[in-house]
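Worksheet: the structure to be examined is printed underneath.
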Amino acid sequence: MTSDSLNLDLFTSDPDPAGPDGEAEQDARPAADRRAAGSPEAAQSGTGDATTGLGGEPPIAAEPLSGPPPLWLEDSPVEPTDETAEGERDPFEGHRAVARADETVDPRGDSAVDTEPRVWSVSEVNHDVRALLEGAFPHICVEGEVGRWTRHASGHCYFTLKDERSQLRCVMFQSDAARLPLDPDEGLKVRALGGLTLYEARGAYQLTVRQLQAATGEGLWRLAFERLRKKLDAEGLLAPERKRPVPRFPPAVGVVTSASGAALRDILTVIRRRAPWTRVVLNDARVQGHGAAAEVAAALDTLGASGLVEVIIVGRGGGSIEDLWAFNEEIVARAIAACPVPVISAVGHEVDTTIADLVADLRAATPSAAAEAAVPDQVELARSLGVVRGRLIRGLRGGVAHRKLRMREEVNHLGRAARRVLEPRHRALLVGRDRMERAVRRQMEPRRHQLGAQSDRVERATRRVIDMARRNLAAVAGKMDALSPLATLQRGYAVPLDDQSRVLRTVTEFEPGDRFRLRLVDGRVHCEALDTEAIGDGRGSTQS
Amino acid sequence: MDVEAHNPEDVPGTAQGADEPTLEKRLRRLTEIVEALEADEVELDRALALFEEGIGHVQVAERLLAEAELKVEELVRRAGGTETRPLESKDE
């Protein structure tokens with residue numbers, strides 16, 4: 001937008017404080033368009049007859065204003081019949097006056113007419129004063145406090161600006177007022193940019209405000225931000241416990257942003273690098289300008305409801321606070337809060353915090369950072385898969401080793417118990433056929449002497465232990481049974497013992513007529529040897 | 545821990561079907577399996593089955609990482625709902 005057209009727009013409106021029905025707005029636009037082409041020349045031309053024009057005869061009072069410059073005539077011939085109506089309808093009229101305003105403020109203009117007093121109609125006065133005002137103050141910045149602010153249904157806003165001594169009536173038309181983040185509170189110190197005009201129907205002059213800023217920095221935005229933040233906070237929408245965890249490995253990621261924006265490009269670049277298996281579903285939305293907030297909110301709603309994605313990134317790249325404003329609007333905040341899947345916000349740069357950021361489940365500083373938060377890094381993932389593979393293998397091995405160890409412990413336990421009972425009287429009951437058994441034996445050797453021929457008390461106690469161990473052992477199953485000395489007896493083996501409870505291992509230890517005992521699994525048999533007979537070699541003596 | 549072994553490939557439909565476990569499910573399952581195996585209380589048979597399942601998940605996940613290509617779609621409104629279509633890539 002050029003400064004010319006900006007300037008022109010200041011004149012577009014024909015304010016009508018009494019009738020906020022949008023008519024002024026509708027009238028103003030086409031006029032502005034027409035002027036947009038003609039005005040720069042207009043400002044330069046048509047000054048020649050200004051003085052005479054103003055001094056002309058009443059019946060053609062309006063005529064000189066529109067008179068000589070051919071441009072004007074061609075562009076917009078004016079035959080005012082009802083001047084008030086004309087003034088209302090055709091702001092162009094006012095503009096033509098402006099073209100002469102520079103001249104007419106010259107006091108010499110007055111001296112030219114003081115001999116023959118001219119009789120003005122009220123409308124004529126207002127009409128020309130309006131032209132003067134608009135010409136003299138097309139573009140000014142006024143600082144003051146806001147008094148009585150009214151926003152009509154049409155969207156036009158009417159208010160006053162005041163300081164300690166005076167006040168100034170102001171109007172802000174809907175198209176400009178729509179860009180305000182909020183209606184300023186009374187008493188707020190603001191700067192109003194616009195142009196002076198006269199509302200001819202009332203003869204009241206006023207400032208047509210195009211832009212309104214808080215006098216200090218971004219105060220108005222900040223104020224709007226704080227107000228909405230407080231409101232949402234009061235509803236609990238900003239509470240930390242509302243924040244949902246973002247899935248770590250989402251198969252599909254939703255994105256709400258502009259399809260042509262840098263944000264989308266950044267997000268896709270990051271996801272392609274980190275998690276190329278991801279499905280990305282974009283829901284295009286304009287992210288700045290009038291209506292952007294509604295588009296973003298609607299896009300969030302649809303994408304959230306589609307069930308296609310596990311997480312949604314909403315945001316845009318950096319910009320001015322006005323560019324980012326959609327993300328400070330309530331409708332977007334509520335759409336984020338209502339979204340059925342977690343939402344990551346990424347608006348602007350690190351320094352920009354928006355309401356959307358506060359409501360989102362996760363705030364990312366930039367769109368790229370949002371993408372990083374949304375998907376895992378494949379390099380890291382590959383590494384941890386390697387780690388998992390290793391743990392699986394070690395886990396399996398460790399489990400097996402552990403089971404072996406436990407089995408051995410149970411055997412040892414049983415062996416110890418058995419030995420306590422049997423060993424004092426029946427040395428070498430255990431034939432020790434396997435390594436495990438020998439280990440038990442080695443472990444038990446020192447204790448054997450302590451036990452000696454201990455009392456029945458010990459025996460009873462140890463029996464209980466054996467019983468217990470036997471029950472435990474049932475769980476350890478057959479493998480261990482094979483190793484157990486009791487099981488050996490269970491399988492039908494018997495151990496001969498002499499009266500000293502020593503194991504009789506070979507036939508040479510028997511003489512016919514010797515008395516001995518057989519230890520069976522459940523008791524003893526008292527026997528007498530009748531005869532002996534050696535078979536093959538007498539293998540099996542164990543050194544302990 | 546109540547962890548039963550499953551066949552990592554044993555999912556209805558094709559490999560790309562809707563019932564294919566997501567990467568997240570596989571990784572969560574892997575965590576369970578590793579923890580179960582390391583807890584030392586698993587029967588040997590079950591430990592072996594868990595191990596096989598776990599290795600299966602690792603292999604599928606690694607394959608996924610190796611073969612994947614980013615799919616970018618655009619949500620579009622249709623009468624009676626929405627659908628997606630591939631987004632023409634503007635950045636390549």
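Chains as they are written, first to last, in this note's numbering: chain A, 1 to 544; chain B, 545 to 636. Ideal placement from N, C-alpha and C gives every residue a C-beta, glycine not left out.
Item: If you draw a straight line from the alpha carbon of residue 231 (chain A) to that of residue 225 (chain A), how long is it in whole angstroms?; Value: 10 Å
Item: Strictly under 7 Å for the Cβ-Cβ distance: is residue 624 (chain B) near chain A by that measure?; Value: no
Item: For residue 351 (chain A), count neighbouring C-beta atoms within 10 Å of its own C-beta (all shown protein chains included) and say buried if the count is 16 or more, exposed if not.; Value: exposed
Item: Expressed to the nearest angstrom, what Euclidean distance is found between the alpha-carbon atoms of residue 397 (chain A) and residue 581 (chain B)?; Value: 9 Å
Item: Quick check: is the beta carbon of residue 545 (chain B) nearer than 7 Å to any beta carbon in chain A?; Value: With a pLDDT of only 46 at residue 545 (chain B), under the threshold of 50, the placement of this residue in the model should not be trusted; the figure read from the coordinates follows. Judged by the 7 Å Cβ criterion, residue 545 (chain B) is not in contact with chain A.
Item: What are the boundary residues of the beta strand (DSSP E) that includes residue 139 (chain A)?; Value: Unbroken run through residue 139 (chain A): none, as it is neither H nor E.
Item: Please classify residue 152 (chain A): does DSSP put it in a helix, a strand, or coil?; Value: coil
Item: Distance, Cα to Cα, residue 512 (chain A) vs residue 533 (chain A)?; Value: 11 Å
Item: Measure the C-alpha to C-alpha separation of residue 40 (chain A) and residue 172 (chain A) and round it to an integer number of angstroms.; Value: Any answer about residue 40 (chain A) is weak, because its pLDDT of 43 lies below 50 and its placement is not dependable; what the coordinates show is given next. Distance between the alpha carbons of residue 40 (chain A) and residue 172 (chain A): 25 Å.
Item: Keeping to the same chain, check which residues put their C-beta closer than 6 Å to that of residue 517 (chain A); ignore five residues upstream and five downstream.; Value: 497, 524 and 526
Item: Measuring only the C-alpha atoms, how far is residue 71 (chain A) from residue 133 (chain A)?; Value: Only weak support is given to the placement of residue 71 (chain A): the predicted model assigns it a pLDDT of 37, under 50, and the question is left unresolved by the model.
Item: Is the separation between the beta-carbon of residue 295 (chain A) and that of residue 305 (chain A) shorter than 7 Å?; Value: no
Item: Within the continuous alpha helix (DSSP H) that includes residue 174 (chain A), where are the two ends?; Value: 174-177
Item: Using a Cβ cut-off of 7 Å, pull out every chain A residue sitting near residue 600 (chain B), in sequence order please.; Value: The premise fails here: residue 600 (chain B) is roughly 10 Å from chain A at the closest Cβ pair, so nothing lies under 7 Å.
Item: Can the beta-carbon of residue 374 (chain A) be found less than 7 Å from the beta-carbon of residue 313 (chain A)?; Value: yes
Item: Check each residue of the stretch 343-376 of chain A: if its Cβ is closer than 7 Å to any Cβ of chain B, include it; give the result in chain order.; Value: none
Item: Does residue 350 (chain A) come out as helix, strand or coil in the three-state DSSP assignment?; Value: coil
Item: Using a Cβ-Cβ cut-off of less than 8 Å, list which residues of the stretch 307-323 of chain A approach chain B; keep chain order.; Value: 308
Item: Take residue 618 (chain B) and list the residues in its own chain whose beta-carbon comes closer than 8 Å to its own, dropping the five residues that flank it on each side.; Value: 628, 629, 630 and 631
Item: Using a C-beta cutoff of 7 Å, does residue 94 (chain A) count as contacting chain B?; Value: Here the model assigns residue 94 (chain A) a pLDDT of 45, short of 50, so the residue's position is not dependable and the matter cannot be decided.
Item: Using 8 Å as the threshold, is the stretch 156-163 of chain A in touch with the stretch 115-124 of chain A, meaning 3 or more CB pairs across them?; Value: no
Item: What I want to know is whether the C-beta of residue 283 (chain A) ends up closer than 6 Å to one or more non-hydrogen atoms of the ligand MN.; Value: Absent from the structure shown: the ligand MN. Ligands present: none.
Item: If distances are taken between C-alpha atoms only, which option among A:519, A:367, A:520 and A:510 comes closest to residue 531 (chain A)?; Value: A:510
Item: Would a check of beta-carbon distances place residue 612 (chain B) closer than 7 Å to chain A?; Value: yes
Item: Grouping DSSP H, G and I as helix and E and B as strand, with all else coil, what is residue 368 (chain A)?; Value: helix
Item: Taking only three categories from DSSP, how would you classify residue 240 (chain A)?; Value: helix
Item: State the CB to CB distance for the pair residue 614 (chain B) and residue 272 (chain A), rounded to an integer number of angstroms; the pair is presumed to be in contact (CB under 8 Å).; Value: 4 Å
Item: Considering Cα atoms alone, identify which of A:220, A:329, A:177 and A:209 is closest to residue 189 (chain A).; Value: A:220
Item: Assign residue 500 (chain A) to one of two classes, buried (16 or more other C-beta atoms within 10 Å of its C-beta) or exposed (fewer than that).; Value: exposed
Item: Using 7 Å as the threshold, is the C-beta distance between residue 311 (chain A) and residue 282 (chain A) below it?; Value: no
Item: Grab me the residues of residue 203 (chain A)'s own chain with a C-beta within less than 7 Å of its C-beta, minus the 5 sequence neighbours each way, in chain order.; Value: 126
Item: Closest to residue 321 (chain A) by C-alpha separation, out of A:355, A:147, A:490 and A:506, would be which residue?; Value: A:355
Item: Using the three-state DSSP reduction, which class does residue 341 (chain A) fall into: helix, strand or coil?; Value: coil
Item: When the cut-off is 7 Å and only beta carbons count, does residue 302 (chain A) lie next to chain B?; Value: yes
Item: Under a Cβ-count criterion, where at least 16 other Cβ atoms within 10 Å of its own Cβ denotes burial, should residue 239 (chain A) be classed as buried or exposed?; Value: exposed
Item: Between the C-alpha atoms of residue 602 (chain B) and residue 358 (chain A), what's the straight-line distance to the nearest angstrom?; Value: 38 Å
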